[in-house]
Structure formats: C-alpha cells, structure tokens
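A.B. asks: A single structure is presented below for examination.
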Ligand code: ZN
C-alpha cells in the first residue's frame, strides 16, 4: 500500500503562548511534544528554536539540546529549519547543520516579502553556500516553495550540482507574501516539479484541511502542526500537535493508504543510512 509521510512542525518562529498556550517553546517542551507526535505517526519533526523570551532563534545550543533529547526518545527524522530568525547571519543559519548533521533541513529557494512586515532573504550567495554545506554534511534539503518562481530557481541549483536529484519539495501555501493555500495552486505547483521528485504540502489557515486531502489524493506527503496553524478547527485552538498528527493519520488510513514509519520515510526520501 502507498505510504504517506507525516511531518510535524511543532513550533515555528512566530506563534506565542498567547496565540495558543499549548505550543511547545523550550527544548524540553519541544522534545516531549515531538515524542507524542511520533507515537501518533509523525515520521519527521521540523524544528525551530526559541530563545528564553520565546523569540525565534538559530541558537546552536538550543538545537543541540533539543535534538539530543529527541534522539534519546525515538527514531523520528530530524528536519531543522535554516530560517528561524530573519536577522541571523548566513553562517548562523547553517552552523547547526555542520555540528548536528540532521538528516534533513529546510532550503527556502528564493526571497520574498514576509507577512507584510519584513523581508525573507535567501540570496543567491546564501543558497549556494547552504546547498554546499548540506552536501558536505549529508543533510537532505527540503526545498520549501512559496510560489512558482522558487521551483524554477531550484532547477538552477540542480543544474549547478548544488541540489541533488531526486529532490524533495515542501509546498508552503497560505503565508502572506506567497501563494494562497488553495487546491488549484497545489495542483499547478505540483505539475511543475520533476516526475522523480517527492513532495509534501501544508496549508496555513482555512486551506489546511483541503490541502491535506488534496496532497493525499495526489500522491504527496503532508505536514501539520502549530508552526502552520494554531487552530485545529474554526474557533477551536489545537490542544496539541499530536492532535493534528492523529487527524492526518486518520485521513491517510481512510484514503486506503498507510502512514509511513520513520524507517519507511528514510527509504522514500533516500536519506543517508
Ligand atoms: Zn519552519
């Protein structure tokens, strides 16, 4: 049976406890939360760190502590952000990859206006350095796509040998400044990536459920969690990230597919052994 990988993005860089008191922010909270999500079927944990004030940070110490706690509890695939703080230097955005060698990390394949208030910069120079750092440290890029131009940009780095194929894409739809979270957009974007690529999708806001159904139907993988949505349903805050994972797992099974284990996800994504 076809396997579907669930990624959980527990924290992100933005939501605070005032938006949802159940969001995990400290290394201990994140690790405990990831473990609950793994029990419900998540195969990949996409990690962001927060400083002691709860702000997004690329602190290597926070990543190290969190990753060690998670690795001591379960075999979930670690996927670290490289964009957890818009003010971080290029070097700080990559330092944790060199030290911790997570199996995956995000590769945001272009720049954009972010949430009508800032710039999300991924310069050509940074994307080259980041790609090479990932190759050197055997970290599989999760190529995050906010609009079609970023897909074409990824082809350039494939041609230069900076991104390997088959590539893995994550369609991030519904962020202000990027493409809206609609099924039509997902179908269009999915049609642009190479046939041998693997892909996953997430929707921010009310598109998150339609996109989850569409990704399952189209043969993709799915991402859920409070980085993308603090609401589980209209006017109902999520009680936990595990609740999102459990719903995703139910939908996958109802669609006559199976939830991929971490080991199966490693095979599907061709991660280092
Ligand atoms: Zn992220």
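Residue numbers (this note's numbering): 204 to 476.
Ideal Cβ positions, reconstructed from N, Cα and C, are used throughout, including at glycine.
Computed from a predicted structure; not experimentally measured.
Whole angstroms are fine: how far does the CA of residue 331 sit from the CA of residue 429?
C.D. replies: Rounded to whole angstroms, residue 429 to residue 331 spans 30 Å at the Cα level.
A.B. asks: Is residue 269 near the ligand ZN, with its Cβ less than 7 Å from a heavy atom?
C.D. replies: Checking every heavy atom of the ligand ZN against the Cβ of residue 269, none is found closer than 7 Å.
A.B. asks: Among residues of its own chain, excluding the 5 on either side of residue 167, which ones have a beta-carbon nearer than 8 Å to its beta-carbon?
C.D. replies: The structure shown has nothing for residue 167, since the chain only spans 204 to 476.
A.B. asks: How big is the Cα-Cα spacing for residue 243 and residue 237?
C.D. replies: Cα to Cα, residue 243 sits roughly 10 Å from residue 237.
A.B. asks: Determine the contact status of residue 376 and residue 344, defining contact as a CB-CB distance below 8 Å.
C.D. replies: No, the pair does not count as a contact, with Cβ atoms beyond the cut-off.
A.B. asks: For residue 382, name the three-state secondary structure that DSSP assigns.
C.D. replies: Three-state result, residue 382: coil.
A.B. asks: Specify, as a first and last residue, the run of the alpha helix (DSSP H) that residue 412 falls within.
C.D. replies: From DSSP, the alpha helix (DSSP H) with residue 412 extends over 411 to 420.
A.B. asks: Using a Cβ-Cβ cutoff of less than 8 Å, which residues in the same chain neighbour residue 378 once the five nearest sequence positions on both sides are dropped?
C.D. replies: 317, 318, 349, 407.
A.B. asks: Please tell me whether, using a cut-off of 7 Å, the distance from the CB of residue 215 to the nearest non-hydrogen atom of the ligand ZN is below it.
C.D. replies: The answer is yes for residue 215.
A.B. asks: Counting along the chain, where does the alpha helix (DSSP H) carrying residue 299 start and finish?
C.D. replies: Counting along the chain, the alpha helix (DSSP H) containing residue 299 begins and ends at 293 to 303.
A.B. asks: For the alpha helix (DSSP H) containing residue 237, list its first residue and its last residue.
C.D. replies: Taken as a continuous stretch (DSSP letters only), the alpha helix (DSSP H) holding residue 237 covers 230 to 243.
A.B. asks: Enumerate in chain order the residues of its own chain whose CB-to-CB distance from residue 437 is below 8 Å, with the five nearest sequence positions on each side excluded.
C.D. replies: Same-chain partners within the cutoff: 409.
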